[in-house]
Structure formats: C-alpha cells, structure tokens
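Asker: Using the numbering used here, the letters of the sequence shown map in sequence onto residues 336 to 523.
Positions of the beta carbon are idealized from the N, C-alpha and C atoms, including for glycine.
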Amino acid sequence: TFTLTEVLPKTFEDVPEEHPYHDEIGAIQQMGIITGFEGNKFEPDAFIQRKHIAAMIMRAEADVQLLSSPPNFADVPFGHLYYQDIMGLYRSDIVAGKTIDGAVYFEPDAHITRAQLAKILVKAFNIEAVDDTSYYTDIAADHWHFEPANILASNGIVFDNTASFNGEAFVTRAEFAHMLYRAMHITK
336 TFTLTEVLPK TFEDVPEEHP YHDEIGAIQQ MGIITGFEGN KFEPDAFIQR
386 KHIAAMIMRA EADVQLLSSP PNFADVPFGH LYYQDIMGLY RSDIVAGKTI
436 DGAVYFEPDA HITRAQLAKI LVKAFNIEAV DDTSYYTDIA ADHWHFEPAN
486 ILASNGIVFD NTASFNGEAF VTRAEFAHML YRAMHITK
C-alpha cells in the first residue's frame, strides 16, 4: 500500500490537488527529483522524453553502479546537458541504446513507451516480482517487456485495472512521476 502521509507544499500551478497523481508529483518535487518548467509548470499531460527519465532516475538514487565504459552515443556527445545521467544509466546496464547503421543512439529527445519504462524501472530499482501472475493479455510471454510489465503490476507500480498493458503507448510526465514514486518506495 502506498500512502503519502507528509504534508506537501503546493505543487506546480498546472497540477491541482484533485489531479490523480498530485501527491506523487508533489513528493518527488519536494525530494528535488523533478523541477518542472518556467512559470512553475509541470506539464503533466506532455509525453516525457528519454533524457528526462535518465536525469530523474539518477536523482532518485536508483541502484546505479558503474559497470562498463560508456559507448559513444552518436546523439549524446560529451558536453550534452544530460550526458552524465544518460551515461550513468548505460554504465549501470539499465539502458543500452539502439544500433542503426553501426552507430549507437540513445535518442534523448524521443518519448518513452510504457514497455521501455517498465524495463528501465525494474532494472534501475532492482524490483522483483511479488507473484508469478500474468496480468496482461496483450503481451506475449516471449516478448521482451512481458516480465518487466508483470513485475511492475505485481508490485502495484502500474495498475490500470485492465488486461492490456499497452506497451507501445507513450508515457506522460504525470504517469512517470507516479510510477517513479512507487518504484522508489518498494519495500523488500
């Protein structure tokens, strides 16, 4: 069960108290994990970019360990604003990038899908399944995101109350804040 008990300060102007993820957004804002945009805006319904996922997971002090040397992501040069965050996730074997014509890309400005985020959260926070239930009917058991999606569901991190995970759907900033907060508070 996830219950926020601390008194939260007013969050972003565009996240009213009645927003379904108001408390989670406020909590991770208070922790310094999210900062939002100019004018005290969070843009909760905007799709989140991969570079922002990297930064927030690093700020959340996920289980990041430096395991290997960084690749030369063709689209993340040294000096890129999110270079350290992206490389931290790579060196921790949380992300690998995509190879296109022999070059490795991270696609920092691309939006992230539910399937990609499920795999990243499971790896970043070392989350294990609570049970072996298959929660979703739209993911084949041999698909790469079958296990991560079901691990998140078994821990109550994702709960759509449907049999569809919809792995190709993009994740909004509010959905990410909600899932990140829950992933950070798994008790083992």
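Touching or not, the stretch 425-442 and the stretch 356-370, by the rule of three or more beta carbon pairs under 8 Å?
Answerer: With the cut-off at 8 Å, the stretch 425-442 and the stretch 356-370 do not touch.
Asker: Going straight from the alpha carbon of Lys-376 to that of Glu-348, what length do you get?
Answerer: Taking the straight line joining both Cα atoms gives about 6 Å.
Asker: Is the stretch 451-464 in contact with the stretch 481-493, if contact means three or more CB pairs nearer than 8 Å?
Answerer: Counting Cβ pairs under 8 Å, three or more are found: they touch.
Asker: List in chain order: all unbroken beta strand (DSSP E) runs of 3+ residues lying wholly within the stretch 419-469.
Answerer: DSSP runs (the beta strand (DSSP E)) wholly in the stretch 419-469: 433-435 and 438-440.
Asker: Within its chain, find whatever has a CB closer than 8 Å to the CB of Asn-407; leave out the 5 residues flanking it on each side and keep chain order.
Answerer: Only Val-439 meet the Cβ criterion.
Asker: Taking just the CA atoms, how far does Ala-488 sit from Asp-410?
Answerer: Rounded to whole angstroms, Asp-410 to Ala-488 spans 33 Å at the Cα level.
Asker: So, for Gly-502: in the same chain, excluding its five sequence neighbours on each side, which residues have a beta-carbon less than 7 Å away from its beta-carbon?
Answerer: Answer for Gly-502: Thr-448, Arg-449, Ala-450, Ile-474, His-480 and Ala-484, listed in chain order.
Asker: Leaving aside the five residues before and after Thr-336 along the sequence, list all residues of the same chain whose C-beta is less than 7 Å from its C-beta, in chain order.
Answerer: Note on Thr-336: pLDDT 39, under 50, position unreliable in the model; the coordinate value appears next. The answer is none, since no qualifying residue turns up.
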